[in-house]
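This note's numbering runs 112 ahead of the 1-based position in the sequence shown.
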Amino acid sequence: MLSVLIPTYNNAQFITKAIASSLALKYLNEIIIVDDYSTDKTEGLIKKIQKKNNVIKYFRNKKNIGAGKSFLGAIKKSSSPYILMLNSDDFFIPNGIDNLFNYMLDNNLDLAYGKMAIQKKNKIFRYNHPGYYKDSYINKRNEFVDLLIFDMYMPSFGTIIKKSVLENFYDENYLKKLDRDFGAKFKAHDYDLFLNLSKKKINLGFLNEFVCVWKPEENSQSGSSYFSSGCALAESAFLFNRYANKEIIENPIIVSKIYSRIREKFPDLKKLKKDIYKIHFKKFTESIGI
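This is the structure we're talking about:
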């Protein structure tokens, strides 16, 4: 009933743990691995593992197209009604994902997410994101507004999605428009997707349980280079410009919280180098009257 989708690029060193944690899931139907034209030993490694596990389906892109488009390709190749993405250098807490899936089915949810832990120097720590509630809930909050205020508190690899809610809008043209509107290769596809889905008023629930583990890496999408380059600041500003409505823009309390959160991503604006990043941030500040 559940397809795990793993886009990967040059991650042979870590992907085995991601696969092992996926194989331990109770409701697993298949693991779709989309190799984004890796140049390391990924292909040989996956094909070796694949011989012993027929639930693994391996696909290799003909050229490097990025994680977002590789994820989209994995969605198309999946055969289950429910999907769950996993970064190839992160891993699941299998019992947590099993409980999350039961929670989703029991409550007929379109999307369900749990909490994320963090691994640092081979130790795993609880991570209490300011966006987490203390208790599990279903449709209890304005998820759209809170995602703008608190940022990405839904871990992409700790969130199960009913595939049908993505139909008729989440495709190649959608991702191309993101790149075109941003003016560069857009990275935060998961944050954009969750903002979009939260606006659609789907049935959404949170399970107060740790379900996955993040391993921060310097060059990963959410690693330190993403912030130090100013990309995190620019993409957050861009998404505010893309989705914020008049009700949000004219609420000074909400706007103040969002501004503080976005500014924290790149404190010294004098060091912001790319013109396109400056343009998105300027548009953001002008829209809120700063």
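Backbone N, C-alpha and C define an ideal beta-carbon position, used for all residues, glycine too.
Given the structure is predicted, the values throughout are model-derived calculations rather than measurements.
Note to self: Between which residues of its own chain and M257 is the CB-CB distance below 8 Å, once the five residues before and five after are set aside?
What the structure shows: What you label residue 257 is simply residue 145 of the sequence shown in a count that begins at 1. Residue identity check: residue 257 is Val in the sequence provided, not Met. Within the same chain, V257 has close Cβ partners I360 and I366.
Next item on the list: Entirely within the region 171 to 247 and at least 4 residues each: give me those alpha helix (DSSP H) ranges in chain order.
Entry: 179 to 189 and 206 to 218
Check: On the three-state DSSP scale, how would you describe F256?
Finding: Within the sequence shown, the letter at position 144 stands for residue 256. Residue state, collapsed to three classes: helix.
Checklist line | Distance between beta carbons of G226 and F322, contact taken as under 8 Å | finding: Mapped onto the sequence shown, residue 322 falls at position 210. Mapped onto the sequence shown, residue 226 falls at position 114. 7 Å between Cβ atoms; contact.
Next item on the list: Pull up the distance between the alpha-carbon of I158 and that of G401, whole angstroms please.
Entry: The count along the sequence shown starts at 1 and reaches residue 158 at position 46. The count along the sequence shown starts at 1 and reaches residue 401 at position 289. Those two C-alpha atoms are separated by around 52 Å.
Notebook entry, point to check: Residues bridged to D407 by DSSP?
Noted result: Since the first residue shown for the chain is 113 and the last is 402, residue 407 is missing from the structure and cannot be characterised.
Checklist line | Best match in Y139, V277, I195 and N214 for proximity to F269 [C-alpha to C-alpha] | finding: In the sequence shown, residue 269 corresponds to position 157, counting from 1. With distances taken between Cα atoms, F269 lies closest to I195.
Next item on the list: Please confirm if the region 336 to 355 is in contact with the region 385 to 397, defined as three or more CB-CB distances below 8 Å between the two stretches.
Entry: yes
Item checked: Cβ shell of R375 (< 7 Å), same chain only, five flanking positions each side left out -> Along the sequence shown, one-based indexing puts residue 375 at 263. Result list for R375: empty, nothing under 7 Å.
Next item on the list: Under 8 Å by Cβ, that's how I've got L319 and Y245 pegged, so tell me the actual separation to the nearest angstrom.
Entry: Here residue 319 refers to the residue found at position 207 when the sequence shown is read from its first residue. Here residue 245 refers to the residue found at position 133 when the sequence shown is read from its first residue. Wrong, their Cβ atoms sit about 10 Å apart, outside the cutoff.
Next item on the list: Pull up the distance between the alpha-carbon of F171 and that of I118, whole angstroms please.
Entry: As a first step, residue 171 must be located in the sequence shown, where it is residue number 59. As a first step, residue 118 must be located in the sequence shown, where it is residue number 6. Between F171 and I118, the C-alpha separation is close to 10 Å.
Next item on the list: Grab me the residues of Y249's own chain with a C-beta within less than 6 Å of its C-beta, minus the 5 sequence neighbours each way, in chain order.
Entry: The sequence position of residue 249 within the sequence shown is 137, counting from 1. F318.
Notebook entry, point to check: Could you give the uninterrupted runs of the alpha helix (DSSP H) lying entirely in the region 262 to 302, keeping only those of 4 residues or more?
Noted result: 284 to 294
Notebook entry, point to check: Which one of D304, P379, L259 and I145 has the shortest CA to CA distance from K189?
Noted result: On the sequence shown, residue 189 is found 77 positions in, with the first residue counted as 1. Cα-wise, what sits closest to K189 is I145.
Next item on the list: Check E321 in the structure and name its three-state DSSP category.
Entry: The residue given as residue 321 occupies position 209 in the sequence shown. Note: E321 maps to strand in three-state DSSP.
Checklist line | Cα-Cα separation between I131 and F203, rounded to whole angstroms | finding: If you number the sequence shown from 1, residue 131 lands on position 19. If you number the sequence shown from 1, residue 203 lands on position 91. Each residue's alpha carbon lies about 8 Å from the other.
Notebook entry, point to check: Considering only residues of the same chain and omitting the five flanking positions on each side of L260, which have a CB-CB separation below 6 Å?
Noted result: In the sequence shown, residue 260 corresponds to position 148, counting from 1. Within the same chain, L260 has close Cβ partners I370.
Note to self: Among H301, V325 and L217, whose alpha-carbon lies nearest the alpha-carbon of S134?
What the structure shows: The residue given as residue 134 occupies position 22 in the sequence shown. Of the listed residues, the one whose Cα sits closest to S134 is V325.
Margin query: Under DSSP, the alpha helix (DSSP H) around Y371 begins and ends at which residues?
Written below: Within the sequence shown, residue 371 is the residue found at index 259, counting from 1. Run containing Y371: P364 to R375, per the alpha helix (DSSP H) assignment.
Notebook entry, point to check: Among the residues of its own chain, which have a CB less than 7 Å from the CB of N199, if the five just before and after it don't count?
Noted result: Along the sequence shown, one-based indexing puts residue 199 at 87. Cβ within range, chain order: F269.
Next item on the list: Give the secondary structure of I438 by DSSP, where H, G and I count as helix, E and B as strand, and everything else as coil.
Entry: The question about residue 438 has no answer, for the chain in this structure spans 113 to 402.
Checklist line | Meets three-Cβ-pair contact criterion under 8 Å: the region 301 to 318 and the region 263 to 281 | finding: yes
Check: Can K382 be considered in contact with the ligand HEM, in the sense that its beta carbon sits closer than 7 Å to one or more heavy atoms?
Finding: The ligand HEM is absent from the structure shown, which contains no ligand whatsoever.
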